[in-house]
Amino acid sequence: MSCRLTPNPFLRSAPRLVMGAAMVLLALAPGAAQSQADTARGGARRPDLGPLKTITFDTDEGTYLSLDVSPDGRSIAFDMLGDIYVMPIEGGEARVISSGLHWDQQPRWSPDGRRIAFVSDRDGAWNLWLMNGDGTQAKQLSRTRKDTYISPAWLPDGPAIMVRMNAWSPPAAPGGPSASDLYAFYPDGGSMRVAEGKLTAATNAVASPDGRYIYFPGGSTFAFGSAGPLNRYDRLTGNTVPLTWSGRSLRPAASADGTLLAYLRKVDARLDLVVRNLETGDERVLVPGLWTEEIGSSRNQGDYPSYGFTPDGRSIIIWARGKIHRIDVATGADAIIPMRVKVSLQVAERVTNPRRLTSDSVVSRVIRWPRVSPDGRRLVFSAMGRLWTLDLPNGSPRRLTSGTEGEYAPAFSPDGRSIAYTTWSDSLVGGHLRVIPVAGGASRAVTTQPGQYLNPAWAPDGSKIAYVVGNPVSEQIAWQPDETMPYAIRWIPSAGGESTLLTHVPVPNWPEHSHPTLSWSPDAARLYLTEMTTTRAKRSLVSFRLDGTDKIVHLRFNPGDEAALSPDGTRVAITRGDNVFVTQLPRFGLTPVDYNFEAGPLPTMRLTRDGGDFPQWTDARHLVWSNATKVYRRTFSGTDVAPGDTTTRPELLADVKVVVPRDVPRGTVAFTNARIVTMKGGTEEVLQGATIVATGDRIVAIGNGARIPAGATVINAGGRTIIPGLHDAHAHMQFNPYGSYPEQKWPHIMNMAYGVTSAFDPWNPSHEIFEQGDMVAAGMMLGPRIFSTGTWIDGRREELPQFIDIRTAEDARAIVRRLKFLGADMLKEYMQPRRDQRQFLAQAAREEGVPITAEGAGDWVHDLSMVMDGYTAFEHTLPIAPLYKDVVELLVQTKVHYTPTLMVTYGGEALNSYYYGLTNPHDDPKVRRFTPEERMDEGRRYTRVPEDELFFRQIGRDAVKISRAGGLISLGAHGNRQGIGVHWELWGKVEGGATPWEALRDATWRPAEKMGLERDLGSLEVGKLADFIILDRNPLENIRNSDAIRWVVKGGVVYDANSMTTLWPVRKPLQRFFWMTEADRQKFKAVDPPPLGGTR
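In this note's numbering, the protein residues as written are 34 to 1129.
Next comes the structure, spelled out in C-alpha cells:
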C-alpha cells in the first residue's frame, strides 16, 4: 500500500496528524477491521432481487441534485436517482457516467479534474469511492459496515478527500463522545482523522484552497428546520471560531482563490444565498429566497445539496427548485441552465401477494405460555385470551375454564395436580392470581386484592407461588392493564395468605415480553429474574433471597428478553430476537459474567432460527418452547452446554389449532335512499338514491334496483352518504408486550367510533397484536379489522431484544419465516443500516410470498433505494419536498405504495399539533367518551407555527402530484390521535390540493390495494365484506363532513357511532371503560340511540 503526500505547513504544527498521515493505517478508518472480521466469517453474499425491469423517462428537472463544477470550468457533474451525470456547463443533454442498481451520489471533482470522488452503496454500505472523470475504474476507499460516509470534499493534502463519517451507533455512554467525525482518505490508500476528534459536529464541511481552514455549519446533521452558525476551524492552531452569530447557516462553498465563501441562510421559511468576503468579513445576500418553501432535511444527504463556484469565482452553480442555476456573483442574476436527462434505471419487481379474507371460523395464529405437565402428558396454554388444555401427543384443545374474563400465564404445580394462572376483568378493574385443578372445575383466588398479575412460578415443593404484579389499580386507571410500570415481584403461600415483596423492577426498554420470567433455585431459597441494568442497555439475570436481600447479579447480556433457569440451576434459556438460546449458569464467583450470544465467554447453544418464545424447563433435562402455534421440546444430556448451533432437531410436541366461530351476524340489513360512494375499482362512481344490502358479513346487493329480501331490517338513509369503511394504512393502536388485555380497548373503540373499520399496524409486538386481531375477528373484542407486521425487523438499536444483524440471505429468510409463521400480513424493515441487508429482506420476502414495507427513517435515499429494490411499500414522508419529475416517475413506474403519515412528517412541521389547535379535541364530548383524559391532556398545550412553515401541506401537494401521475398513495394516521387522526389526515390531504374524493379513495381503496385485499375490502361491491359508514353530511361537498358519522357497519354488524352501542343484529350497549370514573361517564354520555329501522 502506497500513499503520495504533499508537504503541508498546517500539518507540521500538528504532530499527531503528521504521525497519523505517515503511518497511513487504513485500520484508522472506522469499519476496516470490522469488515475484515465479517469477511473472515463468510461475510454477506450478494442479494438476489429476482426479476429486474428497466424504467425510462426524460426529464428537465430533478430533486435534490448534488453537483460540482470541473476545475476547467467546462462541465458539471451531478447525481440523479443514484446515477451520476456529466453535462456541459452551458447546459444540454447530460451523459451518464455511473449507473446501475447501486446508488451513487455527491460527486466532487479532484483538483486536477481527472477523477471524481463520490459516495456509493456498491458494497452494501455508504462508503467513499473514487473513479475517473469518465466513470471508469471505480475504486473503494472506505470500508465501513454500518456507519455512513457523506459530503466528500477535496483537501490539498496529497491531495486527500475529506468526508464526514456519521456513526450509526450512539455514544457508548449517555453524553459520551461520538465516533462521528471528519476523515481524510488518500486516493492511493490510507486514512486519518482531520482534526483528532475536534470536528465531530462538523457537517457539510469544505476546506480553503490552501487547506488551512475548514468551514462548516454547526448543529445537528438531522434536526428538522434547524441549522447552526457558520464556523471556521484553523488546522494550524486547532482553534474554532464562529464566522456568523446566526444559528441558521447551511452548506458552505469556497471559491478557488479563497477570497469568497458562499452559504445558505435560513430566514423564516426561505433560504437566501449569501456570499461572504473572507478578507473583509463583509456579507451580502446574493439571491434572497433562492428557495421559498420548506425543503426539509435528510439524514445522510446533508442539509442542502452540494454546489460550487466556477473556477474564476464569477458564478455559483447550484440546484434549486428542481433546476440547476447559474448565479452571477457580482449582480445576483439568476439564469437556469437547461438540462435534458434520459433516465434509464434497473429496478426489481415489486413484492406482492394478493389474498382473500374468509368468513370461516377463526384459527388462532399464536399461543402463549405453553406449559407441559411434569408427567409430560398434558399441555396448557393461553390463546385468544383464554386458557386451553390438550392431551399429548394428539389431543384436541379444549377450554380449561368456562369464564369470560381474560386468562393468562398458566403454570403447573410441581405435583402436576393444579395450574396457577392470572386473570383480568374490566368490571373488577383488575384480576387475581388463581389456582384450578388440572382437570378444570372451580378455581380459587390466591390473592385478595384485584390487580394486574402475571407469570406465576411455583416453588419446587409447591408451598409458594411467586408472581409479577403491576402498579396499584388506582395509579393505572388512566392507561391500560397492558401499560403499567414499574413491576413488583412478590411471593405468596400457594394456599393463600399474606404476600411478601421481593423487589421492584423497571419496565424493560422496548421488550417483546415485558414482565420478567421467574425461576426458583433448586432449594427454593432464592428467586431468579431479569432486570434492566442502570444504563438500560443490557439485561441482567439476578437472584434474591425470599426476604428481598442478598441480591446477586449472575449474568449480563445484550440484547435479550426472557431468561428461564433450569430446575437444577445449571442452565439458562434466554430468548433473543424471538429465538431461544441456552447457556451455562456460572456456579461460583462474585463478579457478574458479561455474556455474549456469539462470542462467549460461556458456551452457547442456539436452539432455533425460525422463531422460539416462552421457554419452560419441565425438568433439568427438558426444555419446551413455542413458535406461533407449534410446541417443541429439546432433551439435554448431562449438565454441559455444547457450544455452537444445535444440529439435533427438536421434538415437535404439538401443532395447536384453536378454532373459534367468526363474528358473523345472522340475518340481513339494508340501508335505502342513500348517496353511495362505491370506490368501485378506485373510480369516482357515486350512486344517488341507492340501496345497499348485507347478509351476514357480505354485501349481497347494491344500487338503485337492489332487491331487499323478506325479513330484512331496513333503515332509511335518505339524505345521507354511504362510503366504504375507512382503512388506516399506518395505525399504531397501542399493543404493548405486557401480557394481559382489557376487555374493552379504548384505541380500538375510538377508531371504530370514527369509522375506521380496518387498520394496518406496521409495528407492534407480534404475539399481542396477532392474538388481539384474532379476538376481534371472533367477536371477543370490539375493534376494527387488525392487520399487522408484528414485530419490526430492527437493525438500528443493538441494545434491544428485537435487534437483528442480517449478514446473509439465510439470516433474512429465518426472520421472514418466523414472522410468516406468526401470521404477519406484511413485514416491516426498520432502519437496517446497510442496503444489502435491506435487499436480503426483499429477497426473502419475495421467496416466502410476504409483502414488505419499511420505515421511512428520515432519509430519502434510504427510501428510494428500497423502492428500486422491490419493496411493496414504505412508510412516512419523504423528508425532501417538493418532489420533481425524477422522483415522481420512479414512484409511479415502480407502483410502490407510499403512506406519507402527515400527522408525523420527517423534515418539518406536522399535521398533529396544527389540527389539535384548530379543533380542540380535549373538550370534544365524543372524543372524551372513548379516550382517557390523560391521553388528551398531553397534547392540549399545542404550539402554533406560521402558515408558511406547515410542511405537511407541501407533503400533501407532493402526494397529489404522485397520485395524479398514476402513483399509489395511502392514508395513515400513525396512532398519534386514535380515530380522529384519520379525519385530520383526510382534511390535511385536501389542504394539500386533493379533492375530497381523492382523499377518501386514499383512505379506502388504496389501503386495500396496499395490503393485497382489494377483492374483499376498499369498495362497496357485491361479494365484498360489508364494511361501510353512513354520514349525515356529504364529505364530497366538504371534507370536514367526514366525521359526521351516524352509523358504522363492520362485517354486517351495525353500531351507533356516537355511543358505540351495537344496534344490529342484537342491541348491546358499550360497557364503562375500567379507567373511566362514573362522573366522567355521566358527563360525556351519548344520547341513547333509537331503535334501528323496521323489518320488511
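All C-beta atoms, glycine included, are put in the ideal place defined by N, C-alpha and C.
**Request:** Compare the Cα-Cα distances from Val689 to each of Lys663, Ile709 and Pro683 and report the closest residue.
**Result:** It is Lys663 whose Cα lies nearest to the Cα of Val689.
**Message:** Between which two residues does the beta strand (DSSP E) holding Met638 run?
**Reply:** Met638 -> beta strand (DSSP E) spans Thr637 to Arg639.
**Request:** Starting from Asn749, trace the beta strand (DSSP E) both ways and give me its first and last residue.
**Result:** Taken as a continuous stretch (DSSP letters only), the beta strand (DSSP E) holding Asn749 covers Thr746 to Asn749.
**Asked** Would you say the region 551–561 touches the region 573–589, given that touching needs at least three Cβ pairs under 8 Å?
**Response** Result yes; three or more Cβ-Cβ pairs closer than 8 Å.
**Collapsed DSSP secondary structure at Val308 in the structure displayed** = In the three-state reduction of the DSSP assignment, Val308 falls in the strand class.
**According to DSSP, residues forming a beta bridge with Phe907** = According to DSSP, Phe907 shares a beta bridge with Tyr931.
**Asked** By how many angstroms is the C-alpha of Asp459 removed from the C-alpha of Ile510?
**Response** Note that Ile510 scores a pLDDT of 44, beneath 50, so its modelled location is shaky; the value from the coordinates is reported in the next line. Roughly 11 Å between the two C-alpha positions.
**Asked** Are the CB atoms of Val374 and Ala127 nearer to each other than 7 Å?
**Response** Ala127 is positioned such that its CB atom lies closer than 7 Å to that of Val374.
**Request:** Note the first and the last residue of the continuous alpha helix (DSSP H) segment covering His800.
**Result:** His800 -> alpha helix (DSSP H) spans Ser799 to Ala810.
**Message:** Given this structure, state the Cα-to-Cα distance separating Glu94 from Leu114, to the nearest angstrom.
**Reply:** Taken atom to atom, the span from the alpha-carbon of Glu94 to that of Leu114 is near 12 Å.
**Prompt:** Based on Cα-Cα distance, which residue from Trp491, Arg867, Asp838 and Gln138 lies nearest to Thr651?
**Reply:** For Thr651, the closest alpha carbon among the candidates Trp491, Arg867, Asp838 and Gln138 is that of Trp491.
**Item:** Three-way DSSP call (helix, strand, coil) for Ile194 in this model
**Value:** Strand, per DSSP.
**Asked** By Cβ distance, which residues of its chain are closer than 7 Å to Ala743, with the 5 residues on each side in sequence left out?
**Response** Taken in chain order, the residues that qualify are Arg1129.
**Item:** Whether Met766 touches Asp794 by CB criterion (7 Å)
**Value:** Yes, the pair counts as a contact, with Cβ atoms nearer than the cut-off.
**Asked** How long is the line joining the alpha carbons of Val929 and Thr905, rounded to whole angstroms?
**Response** Those two C-alpha atoms are separated by around 6 Å.
**Request:** Within its chain, find whatever has a CB closer than 8 Å to the CB of Pro1122; leave out the 5 residues flanking it on each side and keep chain order.
**Result:** Taking Pro1122 as the centre and dropping the five residues before and after it, the same chain places the C-beta of Asp1089, Asn1091, Ser1092, Thr1094 and Leu1096 closer than 8 Å to its C-beta, in chain order.
**Message:** Within a Cβ cutoff of 6 Å, which residues of the same chain sit near Gly722, ignoring the five residues on either side of it in sequence?
**Reply:** Here the set comprises Asn706.
**Item:** Extent of the continuous beta strand (DSSP E) to which Trp421 belongs
**Value:** Residues Arg419 to Asp424.
**Pro648 classed as buried or exposed, judged by whether at least 16 other C-beta atoms fall within 10 angstroms** = Classification for Pro648: buried.
**Asked** If we call anything under 7 Å between Cβ atoms a contact, is Tyr219 one with Gly261?
**Response** In this structure, Gly261 does not lie closer than 7 Å to Tyr219 by Cβ.
**Asked** Counting along the chain, where does the alpha helix (DSSP H) carrying Ile782 start and finish?
**Response** Trp779 to Ala786 is the extent of the alpha helix (DSSP H) around Ile782.
**Request:** Could you tell me the boundaries of the alpha helix (DSSP H) in which Ser946 lies?
**Result:** Per DSSP, Ser946 belongs to the alpha helix (DSSP H) from Leu944 to Thr952.
**Message:** For Leu951 and Arg973, what's the separation of their Cα atoms in angstroms?
**Reply:** Between Leu951 and Arg973, the C-alpha separation is close to 11 Å.
**Prompt:** Given that a residue counts as buried once 16 or more other Cβ atoms are within 10 Å of its Cβ, and exposed if not, what is Leu685?
**Reply:** Label assigned to Leu685: exposed.
**Message:** I need the straight-line Cα distance from Thr455 to His546, nearest angstrom please.
**Reply:** When rounded, the distance between both Cα atoms is 16 Å.
**Message:** In whole angstroms, give me the CA-to-CA distance for Tyr246 and Asp214.
**Reply:** Taken atom to atom, the span from the alpha-carbon of Tyr246 to that of Asp214 is near 16 Å.
**Request:** Could you tell me whether any Cβ in chain C is nearer than 7 Å to the Cβ of Phe803?
**Result:** Included in the structure is just one protein chain, with no chain C present.
**Request:** Just the C-alpha distance for Gly529 and Thr480, rounded to the nearest angstrom, thanks.
**Result:** If you draw a straight line from the Cα of Gly529 to the Cα of Thr480, it comes to about 7 Å.
**Prompt:** Where does Trp1038 fall in DSSP's three states?
**Reply:** Look at Trp1038 here: in three-state DSSP terms it is helix.
**Request:** Determine the burial state of Leu534: buried for a count of at least 16 other Cβ atoms within 10 Å of its Cβ, exposed for fewer.
**Result:** Burial check for Leu534: the Cβ neighbour count within 10 Å stays below 16, so the residue is exposed.
**Message:** Tell me the DSSP secondary structure of Ser1075 in three-state form.
**Reply:** Of the three classes helix, strand and coil, the one that applies to Ser1075 here is helix, per DSSP.
**Asked** Cα separation between Val308 and Arg317?
**Response** Rounded to whole angstroms, Val308 to Arg317 spans 6 Å at the Cα level.
**Asked** Can you round the beta-carbon distance between Thr181 and Ile913 to whole angstroms, since I take them to be within the 8 Å contact cut?
**Response** Rounded, the Cβ-Cβ distance is 17 Å, inconsistent with contact.
**Request:** Within its chain, find whatever has a CB closer than 6 Å to the CB of Lys1116; leave out the 5 residues flanking it on each side and keep chain order.
**Result:** Counting only Cβ-Cβ distances below 6 Å, and skipping sequence neighbours, we find nothing.
**Request:** Measure how close the beta-carbons of Met198 and Leu188 come, nearest whole angstrom, since I'm counting them as under 8 Å.
**Result:** So it is not a contact: roughly 15 Å between Cβ atoms.
**Prompt:** Residues bridged to Phe793 by DSSP?
**Reply:** According to DSSP, which records beta bridges pairwise, Phe793 is partnered with Phe820.
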